[in-house]
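Protein chains in written order, with my numbering: chain A, 1 to 340; chain B, 341 to 680.
All C-beta atoms in this analysis are idealised placements derived from N, C-alpha and C, irrespective of residue type, glycine included.
These notes concern the structure reproduced below.
2 protein chains.
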Amino acid sequence: MSTATVTAREVHLVRRPQGMPVADDFAIVDRALPEPGDGEVLVANRSFSVDPYMRGRMNDVKSYVPPYALDAPMDGRAVGEVVASNAEGFAEGDLVLANLAWRTHGVAHARTLQKVPDVEGVEPSAYLGVLGAPGLTAWVGLLDIASFVEGDAVFVSGAAGAVGSLVGQLAKLKGASRVIGSAGTAAKTAWLTDELGFDVALNYKDGPIREQLRDAAPDGIDVYFDNVGGDHLEAAIEVANDYARVANCGAIAHYNDTDDDRTPGPDNLFQIVKKRLRLQGFIVTDSLSRFPAFLEEVTPWVAEGRVKHSETVVEGIDQAVEAFRGLLRGENTGKMVVTV
Amino acid sequence: MSTATVTAREVHLVRRPQGMPVADDFAIVDRALPEPGDGEVLVANRSFSVDPYMRGRMNDVKSYVPPYALDAPMDGRAVGEVVASNAEGFAEGDLVLANLAWRTHGVAHARTLQKVPDVEGVEPSAYLGVLGAPGLTAWVGLLDIASFVEGDAVFVSGAAGAVGSLVGQLAKLKGASRVIGSAGTAAKTAWLTDELGFDVALNYKDGPIREQLRDAAPDGIDVYFDNVGGDHLEAAIEVANDYARVANCGAIAHYNDTDDDRTPGPDNLFQIVKKRLRLQGFIVTDSLSRFPAFLEEVTPWVAEGRVKHSETVVEGIDQAVEAFRGLLRGENTGKMVVTV
């Protein structure tokens, strides 16, 4: 196997962001890639994922995944095409999933790659979103963490995101009595109710979410899937029924907090006692053993169009930082993807 | 059966307190009791319990128990002696547990009474505290709710109270790697370490609990038993290890909150996600089926002195309101009891 040298364009983290990341925290670097070694594969990305959890990895703090190194491209899921293989089982032209985000090309060991399943009606980039880690997050969070059962009333924040949009649809398919979502634009709330079948969608910019949710959930909620934290968590606790469960999945309201500027927490946590609530944080990487069961259930729903999903596509590696900033500002509907 | 008329002195709630209850929220009322009807018993109290949960019942809001009625004595656990019985199985002189707090005498149906077990080394009033609902609360919260396992490091707030003091001792007896308690006076913290065997006791009035706990728990905590809420919950979340569990039992910091004056909540709840924490509220009345197993395990420990307990005794029905105010201010060590 031999190939001409490939020059990859990569986005490197060069400085730890303070609050919202800015362009100067990153650098665009062109780098000649080595030829793939034994067992390795050279991949040309088609698209890669930018996700909220990446903000945490940009900080130099102990967390569930190591922080991103400075002066290196950042890991994350990508769909690409094999352009040169030095590994058994992978051939030029294969579509693969790899941890090669924030770059145009990368070299990876075959054991870090999966072939993209070829399922009629499912496009490859679905495996970055609805059938990837965000999809598994929604499924595990709703079923395993929040112990959803038929008849539950469900509230999900960040409902127009990759995770939240699936949470609401899964709840509807599994017999929720009511599904309420929150999002930050009228276009998103319209998408939730008109396309995805949510019963109610709240635009949190229209007024205090606490008051809006009280009106939207006259019979309370049994499950809250939290992607936001802060005022949304407070609102959910306020309307929660006895024995309600909260899956704490994300806290996008807090991701840009600094030591000097922290988003206040809910002031009604004593209701956890009164109502016997259960709040449980989770990280999808703890539940990778559930991937097969998840794919078995959800893949047909995606293929048949019973589960809908949306991508917000930003074109070009040079726009990756702006795509990520947009994600943190809530500018995406569904999965935020950068095409290469 | 016949008896001379008995006049009971009762403490009635006559106004819903705003914030800390004041004397004028209550009235002392002398009332001639009817003779016990069929199946009823007349009880002369020896002592009764005042508990933090009673503050919630003084508000006219939906909660896990109905609010106290105005112009009537308040329910709560009491130990008394049968002075007249019109019920099979109860005779003059029997010591009984009844829901007849805040009064000197009361008439109750036999089905609401239990005889005080006669166990050597266990005084009757123990059944108001360490072997009563507070004891069951500690046991259920630590074992069932917080899923304590041997080797866990445990933090308990309100540690010198009836519940907290047992939580720490149970954790030690069951092999905790470290037990840390917090309380509000030097006498209490000395009692926790010198008498009860806590590894560390923090006086939260000595400085921010967040900083004190960080120093006291260099290897983090696995279980937090929360009686306080507010800054204590925030501190516990800050030092919690991955997969730590919180039993949310009480929130005494919040009990006197009003709509206009609310204690701020923790500002670090996003760590619930990062650390995969589980917070679960509970009410002991949901776990009454666990009473026999609890008594079987803990009664011998109390009788043998391996579990120690303390009572703060206030004498006289006329002092009951002041005893309750003292409880909310943290003036008790162990169980707060009013003797009649």
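message: Our contact map puts residue 277 of chain A next to residue 251 of chain A with C-beta atoms below 8 Å; I'd like the distance itself, whole angstroms only.
response: The residue given as residue 277 of chain A occupies position 277 in the first sequence. The residue given as residue 251 of chain A occupies position 251 in the first sequence. With 8 Å as the limit, residue 277 of chain A and residue 251 of chain A do not qualify as a contact, their Cβ atoms being about 17 Å apart.
- request: Take residue 138 of chain A and list the residues in its own chain whose beta-carbon comes closer than 7 Å to its own, dropping the five residues that flank it on each side.
  value: Your numbering for residue 138 of chain A matches position 138 in the first sequence. For residue 138 of chain A, where only same-chain residues beyond five positions count, the Cβ hits under 7 Å are 163, 166, 167, 170.
message: If I measure Cβ to Cβ from residue 34 of chain A and keep anything under 8 Å in the same chain, skipping five residues before and after, which residues do I get?
response: Position 34 of the first sequence holds residue 34 of chain A. Excluding sequence neighbours, residue 34 of chain A sits near 107.
- prompt: Are the beta-carbon atoms belonging to residue 183 of chain A and residue 210 of chain A less than 8 Å from one another?
  reply: Locating residue 183 of chain A in the first sequence gives position 183, where the first residue counts as 1. Locating residue 210 of chain A in the first sequence gives position 210, where the first residue counts as 1. Not in contact: residue 183 of chain A and residue 210 of chain A (Cβ atoms no closer than 8 Å).
field: DSSP three-state assignment for residue 421 of chain B, whether helix, strand or coil
entry: Your numbering for residue 421 of chain B matches position 81 in the second sequence. Reduced to three states, the DSSP call for residue 421 of chain B is strand.
query: Across which residues does DSSP place residue 203 of chain A in a beta bridge pair?
result: One-based indexing of the first sequence puts residue 203 of chain A at position 203. DSSP, once it has assigned bridges, lists A:183 as partnering residue 203 of chain A.
- prompt: Which ranges would you report for the beta strand (DSSP E) in the stretch 361-414 of chain B if only whole runs of at least 3 residues count?
  reply: 366-372, 380-389
- request: Look up residue 359 of chain B in the DSSP assignment and say whether it is helix, strand or coil.
  value: Residue mapping note: residue 359 of chain B aligns to position 19 of the second sequence, counting from 1. The answer is coil: DSSP assigns residue 359 of chain B none of H, G, I, E or B.
message: On the CB-based measure, 16 or more other CB atoms within 10 Å of its CB, does residue 526 of chain B come out buried or exposed?
response: What you label residue 526 of chain B is simply residue 186 of the second sequence in a count that begins at 1. Answer is exposed; the Cβ neighbour count stays below 16.
field: Any 3 or more C-beta pairs closer than 8 Å across the stretch 409-424 of chain B and the stretch 463-472 of chain B
entry: yes
Residue 588 of chain B: contacting residues in chain A (beta-carbon distance under 7 Å): Locating residue 588 of chain B in the second sequence gives position 248, where the first residue counts as 1. What residue 588 of chain B touches in chain A: 272, 273.
query: Does DSSP put residue 272 of chain A in a helix, a strand or coil?
result: To locate residue 272 of chain A, count along the first sequence from 1; it is residue 272. Of the three classes helix, strand and coil, the one that applies to residue 272 of chain A here is helix, per DSSP.
- prompt: Among all the DSSP beta bridges, which residues are the ones paired with residue 569 of chain B?
  reply: Sequence index remark: in the second sequence, residue 569 of chain B carries index 229 (1-based). Partner(s): none; residue 569 of chain B has no beta bridge.
- request: Give the DSSP-derived three-state secondary structure of residue 172 of chain A in the structure shown.
  value: Looking up residue 172 of chain A in the first sequence gives position 172. Three-state result, residue 172 of chain A: helix.
- prompt: Any Cβ of chain B within less than 8 Å of the Cβ of residue 146 of chain A?
  reply: One-based indexing of the first sequence puts residue 146 of chain A at position 146. False, the Cβ-Cβ gap to chain B never drops below 8 Å.
- request: My understanding is that residue 265 of chain A touches residue 240 of chain A, with C-beta atoms under 8 Å, so please give their C-beta distance in whole angstroms.
  value: Against the first sequence, residue 265 of chain A aligns to sequence position 265. Against the first sequence, residue 240 of chain A aligns to sequence position 240. Actually they do not touch by this definition, with Cβ atoms about 16 Å apart.
query: Just to confirm, are residue 398 of chain B and residue 668 of chain B a CB contact at a threshold of 8 Å?
result: As a first step, residue 398 of chain B must be located in the second sequence, where it is residue number 58. As a first step, residue 668 of chain B must be located in the second sequence, where it is residue number 328. Not in contact: residue 398 of chain B and residue 668 of chain B (Cβ atoms no closer than 8 Å).
message: Run through chain A and tell me which residues come within less than 9 Å of residue 352 of chain B, C-beta to C-beta.
response: The residue given as residue 352 of chain B occupies position 12 in the second sequence. In chain order: nothing, as chain A lies at least about 25 Å away.
- prompt: Looking at chain B, which residues of the stretch 213-224 of chain A have a Cβ within less than 9 Å of any of its Cβ atoms?
  reply: none
message: Taking 8 Å as the limit between beta carbons, can you name the residues of its chain near residue 267 of chain A, skipping five residues before and five after?
response: As a working note, residue 267 of chain A is residue 267 in the first sequence. Correct list, in chain order: 234.
- prompt: In chain B, which residues lie with their C-beta within 7 Å of the C-beta of residue 18 of chain A?
  reply: For the purposes of this step, residue 18 of chain A is identified with residue 18 of the first sequence, where counting begins at 1. Within 7 Å Cβ-Cβ: nothing; residue 18 of chain A doesn't reach chain B, min ~17 Å.
query: Using a beta-carbon distance cut-off of less than 9 Å, what residues from the stretch 567-582 of chain B approach chain A?
result: 569, 570, 573, 574, 582
- request: Report the residue from A:28, A:114, A:110 whose alpha carbon sits nearest the alpha carbon of residue 7 of chain A.
  value: Within the first sequence, the letter at position 7 stands for residue 7 of chain A. The candidate whose alpha carbon is nearest that of residue 7 of chain A is A:28.
- prompt: Taking 8 Å as the CB-CB cut-off, is residue 623 of chain B touching chain A?
  reply: In the second sequence, residue 623 of chain B corresponds to position 283, counting from 1. Yes, contact with chain A.
query: Since residue 616 of chain B meets chain A, which of its residues come closer than 8 Å, beta carbon to beta carbon?
result: Indexing the second sequence from 1 puts residue 616 of chain B at position 276. By Cβ distance, chain A contributes 64, 280, 281, 282, 283, 286.
query: If you count every other CB in all the chains shown that lies within 10 Å of the CB of residue 542 of chain B, and 16 or more means buried, which is it?
result: The residue labelled residue 542 of chain B in the question sits at position 202 within the second sequence. Buried.
- prompt: Exposed or buried, which one is residue 518 of chain B when buried takes at least 16 other CB atoms within 10 Å?
  reply: On the second sequence, residue 518 of chain B is found 178 positions in, with the first residue counted as 1. Residue 518 of chain B should be labelled buried.
task: Give a yes or no on whether the minimum CB-CB distance between residue 265 of chain A and chain B is below 8 Å.
output: Translated into the one-based positions of the first sequence, residue 265 of chain A becomes position 265. Output row for residue 265 of chain A: interface = yes.
Residue closest to residue 411 of chain B, alpha-carbon to alpha-carbon, out of B:365, B:535, B:656, B:558: Position 71 of the second sequence, counting from 1, holds the residue named residue 411 of chain B. That would be B:365, whose Cα lies nearest to the Cα of residue 411 of chain B.
query: Is the shortest distance between the beta-carbon of residue 269 of chain A and the beta-carbons of chain B less than 8 Å?
result: In the first sequence, residue 269 of chain A corresponds to position 269, counting from 1. Chain B contact via Cβ: present.
task: Starting from residue 105 of chain A, find everything on chain B with Cβ-Cβ shorter than 9 Å and list it in chain order.
output: Sequence index remark: in the first sequence, residue 105 of chain A carries index 105 (1-based). Correct list: empty, because the minimum Cβ distance to chain B is about 32 Å.
message: With a threshold of 6 Å on Cβ separation, who are the neighbours of residue 314 of chain A within its own chain once the five nearest residues in sequence on each side are excluded?
response: To locate residue 314 of chain A, count along the first sequence from 1; it is residue 314. Result list for residue 314 of chain A: 323, 338, in chain order.
message: Can you find the residues in the same chain that come closer than 8 Å, C-beta to C-beta, to residue 192 of chain A, ignoring five residues on each side of it along the sequence?
response: Looking up residue 192 of chain A in the first sequence gives position 192. Around residue 192 of chain A: 159, 160, 165, 168, 181, 183, 198, 201.
query: residue 251 of chain A CB to nearest chain B CB: under 8 Å?
result: Along the first sequence, read from residue 1 onward, the residue named residue 251 of chain A stands at position 251. Chain B, which has a Cβ nearer than 8 Å to the Cβ of residue 251 of chain A, makes this yes.
message: Starting from residue 153 of chain A, trace the alpha helix (DSSP H) in both directions and tell me its first and last residue.
response: Position 153 of the first sequence holds residue 153 of chain A. Per DSSP, residue 153 of chain A belongs to no alpha helix (DSSP H); it is in the beta strand (DSSP E), 153-156.
query: Going along chain A in order, which residues have a C-beta closer than 7 Å to the C-beta of residue 594 of chain B?
result: Position 254 of the second sequence holds residue 594 of chain B. In chain order: 270.
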